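Enquirer: Encoded as structure tokens, here's the structure I'll be asking about.
Residue numbers (our numbering): -7 to 60.
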């Protein structure tokens, strides 16, 4: 059973533009979590950013690639 989260608890959801990630983020936000996510396609980041706020990192998941 989930308990209500405090507003300072953060959760990272990778693949923020994916179908499953969208539902996971919606559920977490509904429970009061602060959600951060990653996106590969910068063109889709605005859609995700509108849902979760400014906590969207654009980048490549390759080991040597920087997150921006």
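Note that beta-carbon positions come from the ideal geometry of N, C-alpha and C, so glycine has one too. None of the values given here were measured: they were computed from a predicted structure.
In whole angstroms, give me the CA-to-CA distance for residue 38 and residue 10.
Expert: Cα to Cα, the separation comes out at about 14 Å.
Enquirer: At which residues does the alpha helix (DSSP H) containing residue 22 begin and terminate?
Expert: Note, residue 22: alpha helix (DSSP H), 11 to 22.
Enquirer: When you compare only the Cα positions, how much space is there between residue 21 and residue 33?
Expert: Cα to Cα, residue 21 sits roughly 22 Å from residue 33.
Enquirer: Would the C-beta of residue 38 count as close to the ligand PLP, meaning under 8 Å from any of its heavy atoms?
Expert: The ligand content of the structure shown is nil, which means the ligand PLP is not present either.
Enquirer: Are the CB atoms of residue 2 and residue 25 nearer to each other than 9 Å?
Expert: Yes; because the gap between Cβ atoms is below 9 Å, this pair is in contact.
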